[in-house]
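Its first residue numbered 1, the sequence shown is counted upward by one per residue in UniProt numbering.
Have a look at the structure below, then the notes.
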Amino acid sequence: MLFLLHSLLKTLIPRAKEVVFNLIGITFALTISPVAMSLEELIPSNHAKSYLYSIFIRTALVLSTLVIGLSIPFFGLVMSLIGSLFTMLVSLILPCVCFLKILRGKVTRVQATVCITIITVGVFCSAFGTYSALSEIIKSLRG
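Structure (structure tokens):
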């Protein structure tokens, strides 16, 4: 039994690293794409079909992100603080609050309970993530 568990973990851990790196790459590409597409719209129409401009814009965006990330101290910690605050707010809390406000009189008890539960979980996770990020920033500043 122990051998089976050991061999299973031995094969899954390298795959997990690949999956995480692929997800990070896909997420970064999805985040950069709207910015790149809006910048590509500024290209004059006679050069719009050239892929060279598109490649240049996307490369410049990635390099500028790299330079900013490497030059600002505690950039990762600040981004985790911003992420913990705004991700929960935008993805969990605000949709439920808007749903409850828009359909004020038409919401059933089950819907209201589910929304309030989601809002509570979002606030709790946001508070925990914010506390964790702030404690890491303070720990990094102290030494």
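Ideal placement from N, C-alpha and C gives every residue a C-beta, glycine not left out.
Alpha helix (DSSP H) runs contained entirely in the UniProt domain "Amino acid transporter transmembrane" (26-133), provided each spans 4 or more residues: Listed in chain order, they are 51-71, 75-88, 94-102.
For Cys96, the nearest candidate out of Phe86, Val114, Leu42 (CA to CA): One-based indexing of the sequence shown puts residue 96 at position 96. It is Val114.
Stretch pair the stretch 65-72 + the stretch 82-96: three plus CB contacts closer than 8 Å: Too few Cβ pairs lie closer than 8 Å, so no.
Inter-stretch contact (C-beta, 8 Å, three-pair minimum) for the stretch 74-89 and the stretch 41-56: Inter-segment contact for the stretch 74-89 and the stretch 41-56 is absent: fewer than three beta-carbon pairs are separated by less than 8 Å.
Cβ-Cβ distance between Ile57 and Leu77 below 7 Å: Counting from 1 along the sequence shown, the entry for residue 57 is found at position 57. Counting from 1 along the sequence shown, the entry for residue 77 is found at position 77. No, Cβ-Cβ distance for Ile57 and Leu77 is not below 7 Å.
Alpha carbon of Arg104 to alpha carbon of Cys98, nearest angstrom: Translated into positions along the sequence shown, residue 104 becomes position 104. Translated into positions along the sequence shown, residue 98 becomes position 98. Computed Cα separation, rounded: 9 Å.
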